[in-house]
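The sequence shown begins at 912 in this note's numbering and counts up one residue at a time. C-beta: ideal position from N, C-alpha, C; glycine also. One structure is given below, encoded as structure tokens.
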Amino acid sequence: MPLDSDAVRRIALLARIAVTDAEVAALHGELNGILGLVEQMQGVDTAGVVPMAHAFDMHAPLRPDVVTETDRRADFQAGAPAVEDGLYLVPRVIE
């Protein structure tokens, strides 16, 4: 379904793009070209084609889910101005 100039102006308005008459003419051709390509791609038989997540058939290596760092919360909170029950206390900024 080819677009006319009014449809291009409506699309530009919805996209909040200011376009001149010369730009409408250029966009008219470009958008109709894109829609033609989409229409052509819809005609391709994709039955039996397996969806792919990547062009290469590879799997991401997984690391073991283990803790590798020690608990240093007490060290980090030692320099804080105010701490209570393991939480940082900050001054109230909203009344």
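- Sorting D956, R927, A958, I922 by C-alpha distance to the C-alpha of E941 places I922 at the top.
- Between A991 and Y999, the beta carbon gap of about 5 angstroms places them in contact (Cβ cut-off 8 angstroms).
- When only Cα atoms are considered, G997 and R984 end up about 8 angstroms apart.
- Under the DSSP assignment, L942 falls in the alpha helix (DSSP H) whose first and last residues are 932-953.
- For M969 and G944, the gap between their C-alpha atoms comes out near 35 angstroms.
- Residues of the same chain with a CB within less than 6 angstroms of the CB of D986, apart from the 5 flanking positions on each side, do not exist.
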